[in-house]
Amino acid sequence: MTPLHPLAAVAAGTVLGLAALTAPNTVPVRGLDPEPVRHCQPYCPQPVVGSRPGPDRIQPIDSPGQFGLGQPPEGDTYAVIDDQIVRIGPDGRIRSVLRPAPQMAAR
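Residue numbers (mature numbering (1 follows the signal peptide of the UniProt record, and there is no 0)): -22 to -1, 1 to 85.
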């Protein structure tokens, strides 16, 4: 059995790549939506790791699965602070800032 010529592999890869790019009904959805405009422009407060936010800023997340999160480590909780999903430790300090919260989290 003879191995394929290297150019044959390149040609096959090119054909497969073009087929994927030109396939019908496949519209890339990431990056097409505009960034949501935050109402605190030009300066928006950001949660800081290690800080202890006041209870008026914390919106606890009761169902982490709705945000694509698993269960937090024991003793920690997830919350939304300043439109960011964060993980808060048992001492009330922010342990990590995970990502921007979707619009539904701000309600």
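Quick reminder that beta carbons are idealized off the backbone N, C-alpha and C, glycines included.
Residue from V(-8), D69, V64 whose Cα sits closest to the Cα of P42
V64
Secondary structure of P2, DSSP reduced to three states
coil
Excluding five sequence neighbours on each side, which residues of the same chain lie with their C-beta closer than 6 Å to the C-beta of R73?
R65, G67
For A79, does the three-state DSSP call read helix, strand or coil?
coil
Close-in-space but distant-in-sequence residues of the same chain around R85 (CB under 7 Å, 5 per side omitted)
The pLDDT assigned to R85 is 44, lower than 50, so where the model puts this residue is not dependable, and the model offers no usable value.
Out of L(-5), L(-2), P2, T55, state which residue places its alpha-carbon closest to the alpha-carbon of P36.
Going by the sequence as given, residue 36 is Ile instead of Pro. It is T55.
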